[in-house]
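Read through the structure below, which is laid out as structure tokens, and then see the notes.
2 protein chains.
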Amino acid sequence: MGPTPSPELNGLVRKLATIAQLSGDDERAILALPARLKTFDEDNDLVREGQRPMECCLILEGLVGRYKVLGRGQRQIMSLHLPGDIPDLVSLELPVMDHNLGTLTPVRAAFLPHAALRELIAARPAVAGAFWRDSLIDAAIVREWLAGIGRRTARQRIAHLLCELCVRLRALRLIVDRIFELPVTQAELGDALGLSTVHVNRVLQDLRRDNLIVSQGRTLKILDWDRLRLAGDFDPTYLHLRRTAAL
Amino acid sequence: MGPTPSPELNGLVRKLATIAQLSGDDERAILALPARLKTFDEDNDLVREGQRPMECCLILEGLVGRYKVLGRGQRQIMSLHLPGDIPDLVSLELPVMDHNLGTLTPVRAAFLPHAALRELIAARPAVAGAFWRDSLIDAAIVREWLAGIGRRTARQRIAHLLCELCVRLRALRLIVDRIFELPVTQAELGDALGLSTVHVNRVLQDLRRDNLIVSQGRTLKILDWDRLRLAGDFDPTYLHLRRTAAL
DNA sequence: CGTGTTATTGACCAACATCAAACTTAGTGG
DNA sequence: CCACTAAGTTTGATGTTGGTCAATAACACG
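For the record, the sequence lines run as chains P and U.
Just so you know, we're using my numbering here: the first sequence kicks off at 230 and counts up by one.
Just so you know, we're using my numbering here: the second sequence kicks off at 230 and counts up by one.
See the structure below:
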């Protein structure tokens with residue numbers, strides 16, 4: 230008898246369901262993965278550059294950022310990861326981490342041994358395909374960010390990111406309407422968008438002034454989806470979601 | 230007996246050899262792939278956003294750029310692809326292209342049917358792994374570019390890109406020393422780096438003035454590798470090459 | 001030789017960064 | 001319940017990198 234099927238791994242199944250179609254057997258095989266649960270405070274690293282992890286971390290709850298620190302201590306966040314993501318799935322094929330994974334909020338994570346994941350992949354081609362697909366989508370999101378940082382204005386970039394997070398959260402059924410927690414500081418937003426904190430602040434004020442969004446505390450509410458989408462030049466194709474319902 | 234083993238596909242084998250270890254059987258299976266050869270002039274699209282390709286293109290010769298065109302006609306090149314690359318391998322899992330692939334030089338390419346690639350992947354796990362690994366490295370390169378555009382100065386970005394291309398070309402044994410053709414216009418460099426043509430020009434002049442590089446025509450020669458590397462804050466870890474000899 | 005593309009220059013400008021201070025908020029312990 | 005503190009946000013003043021526009025020079029190619 231294998232390990233107790235963790236209800237914890239349901240998030241992974243749900244996430245994969247947003248991008249691929251899996252059979253009941255596939256899902257059961259995923260749920261049977263052995264997992265070591267762990268919780269982290271805000272601002273902690275799950276995995277660090279240079280490490281050679283023996284496990285992959287599945288996010289159960291909270292927000293994780295993938296980042297590098299360049300030359301003079303400047304941080305660039307390269308992607309944001311939501312519950313259901315396995316941001317270091319990459320470590321299965323690329324043993325040495327070339328970036329850090331850090332929590333932006335308190336995080337609950339499940340650590341899945343490489344060996345078990347490899348078995349799963351070998352035994353269940355559909356799951357292997359879903360994982361491959363997931364890392365390709367991950368890459369597509371990074372490319373979209375690259376295009377944004379390279380060619381979009383600060384206002385566009387911020388609007389775009391808000392749209393992206395909204396769509397991703399809705400696809401995961403973590404929000405229903407267009408109201409969500411954005412538990413990141415403006416400094417972190419800047420690190421993700423290649424902007425300074427001060428500028429992020431000013432642009433956010435603009436967006437509020439224009440009634441595109443409101444935010445009380447860390448709750449963010451998109452007031453005018455269509456105009457925000459327009460302001461951010463946002464087109465969700467690059468997310469490659471299965472159900473366009475997510476829009 | 231399958232189709233004639235094309236010497237053309239050797240480039241793919243050589244490329245995969247730089248990132249993964251394949252058996253003789255794996256290599257023979259790759260070489261047996263059916264391929265439709267095609268040549269393109271400079272500035273043509275191999276695949277376009279929105280398309281659903283039924284084949285993947287393997288670059289045999291020339292330089293290919295992956296790009297998007299945003300809102301007001303501004304182009305962002307998101308990656309550069311050298312001979313041996315299959316830049317649209319992604320289309321196997323993500324049927325709708327979310328970007329364009331265009332030639333920056335005249336290009337010879339081999340088109341490989343999806344069906345044949347799927348059979349290859351199903352039959353040879355090591356090849357599947359190599360492909361996965363390849364797309365993960367592709368993503369790692371995009372992340373590095375993202376970090377650069379987000380946080381590095383124009384000078385650093387340009388120096389970094391020159392270093393990257395040099396290392397990649399050497400890994401493929403396409404150059405021996407540090408002299409290579411950079412058959413791209415300054416406008417294209419700008420599109421890749423998120424800079425204007427004018428600024429690219431000025432920074433290149435600086436690099437020449439500082440004796441980091443020389444360029445006659447489109448032949449580029451790195452004069453002072455160590456200082457260029459320093460100027461670009463370049464660390465090749467993210468390329469995940471098998472032989473560090475490439476340095 | 002023309003003719004079109006690419007590189008170079010100069011003048012000017014805008015977006016965004018930096019610095020530093022004040023203000024808000026949320027949490028903490030007495 | 002009220003300081004007190006630390007983190008985050010907001011503001012203003014000022015600086016800089018790199019963009020834009022437009023013209024000229026250098027090539028490359030037929």
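By construction, the Cβ of each residue, glycine as well, lies at the ideal position given by its N, Cα and C atoms.
Can you pull the chain P neighbours of H328 (chain U), defined as C-beta to C-beta under 7 Å?
As a position in the second sequence, residue 328 (chain U) is number 99, starting the count at 1. Neighbours of H328 (chain U) on chain P, chain order: R372.
In whole angstroms, what separates the C-alpha of A474 (chain U) from that of R257 (chain U)?
By 1-based counting over the second sequence, the position of residue 474 (chain U) is 245. By 1-based counting over the second sequence, the position of residue 257 (chain U) is 28. Note that A474 (chain U) scores 46 on pLDDT, short of 50, meaning its location in the model is unreliable and no value can be drawn from it.
Would you identify the three-state DSSP class for A264 (chain P), choosing helix, strand or coil?
Residue numbering aside, residue 264 (chain P) sits at position 35 when the first sequence is read from its first letter. Looking at A264 (chain P) - three-state DSSP - the assignment turns out to be coil, as it is neither helix nor strand.
What do you reckon, are the CB atoms on L452 (chain U) and L441 (chain U) nearer than 9 Å?
If you number the second sequence from 1, residue 452 (chain U) lands on position 223. If you number the second sequence from 1, residue 441 (chain U) lands on position 212. Cβ distance < 9 Å, so L452 (chain U) and L441 (chain U) count as in contact.
Got a sec: is the Cβ-Cβ distance from R378 (chain U) to anything in chain P below 9 Å?
Here residue 378 (chain U) is taken as the residue at index 149 of the second sequence, counted from 1. According to the sequence displayed, residue 378 (chain U) carries Ile and not Arg. Cβ-Cβ to chain P under 9 Å: yes for I378 (chain U).
Inspect the beta-carbon positions of I288 (chain U) and G358 (chain U) and report whether they are closer than 9 Å.
Numbered from its first residue, the second sequence carries residue 288 (chain U) at position 59. Numbered from its first residue, the second sequence carries residue 358 (chain U) at position 129. It is not a contact, given that the beta carbons lie outside the stated cut-off.
Under 9 Å, Cβ to Cβ, is there at least one residue of chain U near A351 (chain P)?
Your numbering for residue 351 (chain P) matches position 122 in the first sequence. So yes, A351 (chain P) belongs to the interface.
Neighbour flag for R362 (chain P) against chain U, beta carbons, 9 Å:
Position 133 of the first sequence, counted from the start, is the residue given in the question as residue 362 (chain P). It does; some Cβ of chain U falls within 9 Å.
Would you kindly work out how many angstroms separate the C-alpha atoms of G446 (chain P) and A416 (chain P), rounded to a whole number?
Taking the first sequence and counting its residues from 1, the one referred to as residue 446 (chain P) is at position 217. Taking the first sequence and counting its residues from 1, the one referred to as residue 416 (chain P) is at position 187. Spanning the two alpha carbons is a distance of roughly 15 Å.
In terms of alpha-carbon separation, which member of P:R243, P:D272 and P:G300 lies closest to L403 (chain P)?
Within the first sequence, numbered from 1, the residue matching residue 403 (chain P) stands at position 174. Nearest C-alpha to L403 (chain P): P:R243.
Under a Cβ-count criterion, where at least 16 other Cβ atoms within 10 Å of its own Cβ denotes burial, should D255 (chain P) be classed as buried or exposed?
Position 26 of the first sequence, counted from the first residue, corresponds to residue 255 (chain P). Result: buried.
Name the DSSP beta bridge partners of T332 (chain P), please?
Looking up residue 332 (chain P) in the first sequence gives position 103. Paired residue(s): P:V293.
Quick one: using the 10 Å Cβ neighbour count with 16 as the cut-off for buried, is L449 (chain U) buried or exposed?
Taking the second sequence and counting its residues from 1, one reaches residue 449 (chain U) at position 220. It counts as buried.
Have a look at G231 (chain U) and A351 (chain U) and give me their C-alpha separation to the nearest angstrom.
On the second sequence, position 2 is the one that residue 231 (chain U) refers to. On the second sequence, position 122 is the one that residue 351 (chain U) refers to. Only weak support exists for where G231 (chain U) lies, its pLDDT of 45 falling under 50; the value from the coordinates is given anyway. G231 (chain U) and A351 (chain U): Cα-Cα distance of roughly 17 Å.
Straight-line CA distance for L251 (chain P) to T332 (chain P)?
The sequence position of residue 251 (chain P) within the first sequence is 22, counting from 1. The sequence position of residue 332 (chain P) within the first sequence is 103, counting from 1. In a straight line, the C-alpha of L251 (chain P) is about 29 Å away from that of T332 (chain P).
Counted within 10 angstroms of its Cβ, other Cβ atoms place L309 (chain P) as buried (16 or more) or exposed:
Within the first sequence, the letter at position 80 stands for residue 309 (chain P). Classification for L309 (chain P): buried.
By Cβ distance, which residues of its chain are closer than 8 Å to P312 (chain U), with the 5 residues on each side in sequence left out?
Counting from 1 along the second sequence, the entry for residue 312 (chain U) is found at position 83. Around P312 (chain U): G240, K244, I288, L289, E290, G291, L401 and L403.
Could you pull out every unbroken alpha helix (DSSP H) segment of at least 4 residues lying fully inside the stretch 337-404 of chain U, listed in chain order?
343-352, 354-380 and 383-400
In this structure, how does DSSP classify V319 (chain P) when only helix, strand and coil are distinguished?
On the first sequence, residue 319 (chain P) is found 90 positions in, with the first residue counted as 1. Of the three classes helix, strand and coil, the one that applies to V319 (chain P) here is helix, per DSSP.
Please classify D363 (chain P) as buried or exposed, where buried requires at least 16 other C-beta atoms within 10 Å of its C-beta.
Mapped onto the first sequence, residue 363 (chain P) falls at position 134. So D363 (chain P) counts as buried.
Beta-carbon spacing of R353 (chain U), L266 (chain U) below 9 Å:
Sequence index remark: in the second sequence, residue 353 (chain U) carries index 124 (1-based). Sequence index remark: in the second sequence, residue 266 (chain U) carries index 37 (1-based). No, the Cβ-Cβ distance between R353 (chain U) and L266 (chain U) is not below 9 Å.
Pairwise C-alpha distance: T268 (chain U) and W454 (chain P)
As a first step, residue 454 (chain P) is located in the first sequence; it is residue number 225 there, counting from the start. As a first step, residue 268 (chain U) is located in the second sequence; it is residue number 39 there, counting from the start. Each residue's Cα considered, the two are about 45 Å apart.
In chain order, what residues of the same chain lie with their CB nearer than 6 Å to the CB of Y467 (chain P), ignoring the 5 residues before and after it?
Here residue 467 (chain P) corresponds to residue number 238 of the first sequence, with the count starting at 1. The answer, listed in chain order, is A369 and E373.
Could you list which residues in chain U have their beta carbon closer than 8 Å to that of L375 (chain P), in chain order?
Translated into the one-based positions of the first sequence, residue 375 (chain P) becomes position 146. Within chain U, the residues near L375 (chain P) are Q305, M307, V371, W374, L375 and I378.
On the CB-based measure, 16 or more other CB atoms within 10 Å of its CB, does G379 (chain P) come out buried or exposed?
Position 150 of the first sequence, counted from the start, is the residue given in the question as residue 379 (chain P). Buried, by the Cβ-count rule.
Chain P within 9 Å of Q385 (chain U), Cβ atoms only
Counting from 1 along the second sequence, the entry for residue 385 (chain U) is found at position 156. Judged by the 9 Å Cβ criterion, Q385 (chain U) is in contact with chain P.
Contact defined as beta carbons within less than 8 Å: I believe A460 (chain P) pairs with R384 (chain P). What is the distance between those atoms, to the nearest angstrom?
Taking the first sequence and counting its residues from 1, one reaches residue 460 (chain P) at position 231. Taking the first sequence and counting its residues from 1, one reaches residue 384 (chain P) at position 155. The pair is a contact, with the Cβ atoms about 6 Å apart (cut-off 8 Å).
Helix, strand or coil for E271 (chain U)? Go by DSSP, reduced to three states.
For the purposes of this step, residue 271 (chain U) is taken as residue 42 along the second sequence, with counting starting at 1. Coil, per DSSP.
Could you tell me the alpha carbon to alpha carbon distance between L390 (chain U) and D406 (chain P), rounded to whole angstroms?
In the second sequence, counting from the first residue as 1, residue 390 (chain U) sits at position 161. In the first sequence, counting from the first residue as 1, residue 406 (chain P) sits at position 177. The alpha-carbon atoms of L390 (chain U) and D406 (chain P) are separated by roughly 43 Å.
Does the beta-carbon of G294 (chain U) have 16 or more other beta-carbons within 10 angstroms, so that it is buried, or is it exposed?
Taking the second sequence and counting its residues from 1, one reaches residue 294 (chain U) at position 65. Buried: at least 16 other Cβ atoms inside 10 Å.
Is there a Cβ of chain P sitting closer than 9 Å to that of A357 (chain U), yes or no?
For the purposes of this step, residue 357 (chain U) is taken as residue 128 along the second sequence, with counting starting at 1. So yes, A357 (chain U) belongs to the interface.
Apply the 10 Å Cβ neighbour rule to P316 (chain U) and answer buried if 16 or more other Cβ atoms are within range, or exposed otherwise.
One-based indexing of the second sequence puts residue 316 (chain U) at position 87. Flag for P316 (chain U) reads buried.
For L309 (chain U), which of helix, strand or coil comes out of DSSP?
Working through the second sequence from its first residue, we reach residue 309 (chain U) at position 80. Reduced to three states, the DSSP call for L309 (chain U) is strand.
Could you tell me which of P:T247, P:D420 and P:P324 sits nearest to R277 (chain P), measuring between CA atoms?
By 1-based counting over the first sequence, the position of residue 277 (chain P) is 48. Residue P:P324 is the option with its Cα nearest to R277 (chain P).
List the endpoints of the continuous beta strand (DSSP E) containing E494 (chain P).
Because residue 494 (chain P) is not part of the residues shown, which for chain P are 230 to 476, the question remains open.
Out of P:D462, P:P342, P:N430 and P:L238, which one is the CA nearest neighbour of P282 (chain P)?
Your numbering for residue 282 (chain P) matches position 53 in the first sequence. It is P:P342 whose Cα lies nearest to the Cα of P282 (chain P).
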